[in-house]
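Shown next, in structure tokens, is the structure this report addresses.
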Amino acid sequence: MSQISPPQENPTSPPKFSFDIDDSLGEWNVPVQQWLDTQKVKLEERQIKLDRIATGCVVVNPDGKVLLIQRASHDSMPNRWEIPGGAADDSDPTILHGAARELWEETRLVAKRFVRPVPEGPEGGDLRVFPNSTKTLWLCRFSFEVEVESASQVTLDPAEHQDFVWATEDEVRAQKIGDRDIPITHESARSVILESFRLRNVN
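In this text, residue positions in the sequence shown follow this note's numbering: the first is 59, and each later residue adds one.
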């Protein structure tokens, strides 16, 4: 079990990202507003209000385990586990840059390559919209498998997260590592993680 790594002169601003992008990720290699504009008619037909785009990053270490980070005890969904991620901002060059920024802000890991999109299951499923914690904004989430420059040094922001683990597929299914419970934030989040294992197993 790994604890929070102490800050080591980490800059307050993210680095200038220079990552490779798989061809399957072209849809998200655009600014947030451009994506929203291209989806406007489809969203209106479904009567969906969408304010922001959230991202998630599935990071895998050399042992094939996925990085999970534990939400702070004073935050919403306290002590639950999730993959790194957060909302892409209008200031991010692309949605993928927003994902890379959130990954860096939460773990100080630097994205090297965006490998593939990771849906909630083999069928993919339709766009799922959900509110933020204050129910003032509506978001959808896209998750991606991401290779990082080095997975050996995870540094958390204690304002948001308090611990991290590297978990196997069986541990994610059981939501348990040894004698320790690792409850995932939502079933949809757990489905994304399990789908990432499936995709790597078939490729």
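Glycine included, each C-beta is placed from N, C-alpha and C at the ideal position.
task: Within 10 angstroms of the Cβ of Pro142, are there 16 or more other Cβ atoms? Answer buried if so, exposed if not.
output: buried
task: Report the partner residues of Thr70 according to the DSSP bridge assignment.
output: None; Thr70 has no bridge partner.
- prompt: For the candidate residues Gln91, Asp95, Glu205 and Ser249, whose alpha-carbon lies nearest to that of Asp80?
  reply: Glu205
query: Is the CB-CB distance between Ser201 and Val168 below 8 Å?
result: no
Between the CA atoms of Arg138 and Thr165 - distance to the nearest angstrom: 16 Å
query: Applying the criterion that 16 or more other CB atoms from any shown protein chain within 10 Å of the CB defines a buried residue, is Gln220 buried or exposed?
result: buried
- request: Please classify Phe188: is it buried, with 16 or more other beta-carbons within 10 angstroms of its beta-carbon, or exposed?
  value: exposed
- prompt: What separation, rounded to the nearest whole angstrom, lies between the Cα atoms of Leu83 and Asp237?
  reply: 38 Å
field: Proximity to Asn87 [Cα-Cα], best of Arg174, Asp239, Gln105 and Lys98
entry: Arg174
message: If distances are taken between C-alpha atoms only, which option among Asp215, Glu253 and Arg159 comes closest to Glu178?
response: Glu253
message: Is it buried or exposed, Leu214, if we count other Cβ atoms within 10 angstroms and call 16 or more buried?
response: buried
message: Measuring alpha carbon to alpha carbon, tell me which residue in Ser210, Arg104, Asp109 and Glu102 is nearest Val90.
response: Asp109
Complete beta strand (DSSP E) runs within the stretch 114-143 (minimum length 3 residues, chain order): 124-129
Sub-8 Å separation of Thr96 and Ile153 beta-carbons: no
- prompt: Could you give the residue range of the beta strand (DSSP E) that holds Val187?
  reply: Val187 to Pro189
Limits of the unbroken alpha helix (DSSP H) element including Ser210: Run containing Ser210: none; DSSP gives neither H nor E here.
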